[in-house]
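These protein sequences, in sequence, are chains A and B. Each residue of the first sequence is one higher than the last, beginning at 662 in my numbering. Each residue of the second sequence is one higher than the last, beginning at 13 in my numbering. Where a beta carbon is used, it is the ideal one built from N, C-alpha and C, also for glycine. Small disclaimer: the values here were computed from a predicted structure and weren't measured.
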Amino acid sequence: NAGVTQTPKFRILKIGQSMTLQCAQDMNHNYMYWYRQDPGMGLKLIYYSVGAGITDKGEVPNGYNVSRSTTEDFPLRLELAAPSQTSVYFCATCGSYNEQFFGPGTRLTVL
Amino acid sequence: AQSVTQLGSHVSVSEGALVLLRCNYSSSVPPYLFWYVQYPNQGLQLLLKYTSAATLVKGINGFEAEFKKSETSFHLTKPSAHMSDAAEYFCAVGNSGAGSYQLTFGKGTKLSVIP
């Protein structure tokens, strides 16, 4: 039982490049989330999904896109990377009492 | 709307001393409350949760928290700090309303343990 997995662990992008952050879960949870974490700022919700085919914006969606074709996978797409997107990205799923289970994170640097 | 305030971005304690990390919340409906711990270069791990059962909640690694509705608080405590407790701690609030599955996180408190 792997829980929530994320790839890659680290990535360096040049300004204007694109990439997809992968997230997969084997907990059979319907709700999934993408957060970004910046020093001293806590976690900010980027996008979330309530099930396959259904996604919605969070607090800071600009510059990102998501899709959810299966229960297991919830990729996050950056189309035109900007230095402001340098951050640590976490994927999470939601259990029975709103508790969330987090992946190990992807550390992204945009230069 | 819901919000979380963690008092103190950094807290230092001596090894063996009491750990007290403060969290106050606001919520328009009965809340669910959580504490998470994050070790360096890792994801967030659930320490404990309050979901309207007992107001004193015990978690992993000897931590506990008490829900006080009158004070809108959910402070995290541990009687005796260990070096391994050095990490960042996040308080989060969710609400028990139907269809609500989002958490609001505090900005975190970094705990240092002095030998």
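{"Check": "Through-space distance from I72/B to V31/B, alpha-carbon basis", "Outcome": "14 Å"}
{"Check": "Minimum C-alpha distance to P765/A - residue among A753/A, S757/A, V721/A, P722/A", "Outcome": "A753/A"}
{"Check": "Minimum C-alpha distance to L123/B - residue among F117/B, L56/B, V49/B", "Outcome": "V49/B"}
{"Check": "Residues that Y758/A contacts on chain B, provided the C-beta gap is smaller than 7 Å", "Outcome": "Y44, K61, T63"}
{"Check": "CB contact check: G118/B to chain A, cutoff 9 Å", "Outcome": "yes"}
{"Check": "Distance CB(Y694/A)-CB(G714/A) smaller than 9 Å", "Outcome": "no"}
{"Check": "Proximal chain B residues relative to C755/A, where beta-carbon distance stays under 7 Å", "Outcome": "Y113"}
{"Check": "Backbone CA spacing between A13/B and T89/B [nearest angstrom]", "Outcome": "27 Å"}
{"Check": "Classification of K61/B by the beta-carbon crowding that lies within 10 angstroms, buried from 16 upward", "Outcome": "buried"}
{"Check": "Cβ pair count under 8 Å reaching 3, the segment 683–694 of chain A against the segment 99–109 of chain B", "Outcome": "no"}
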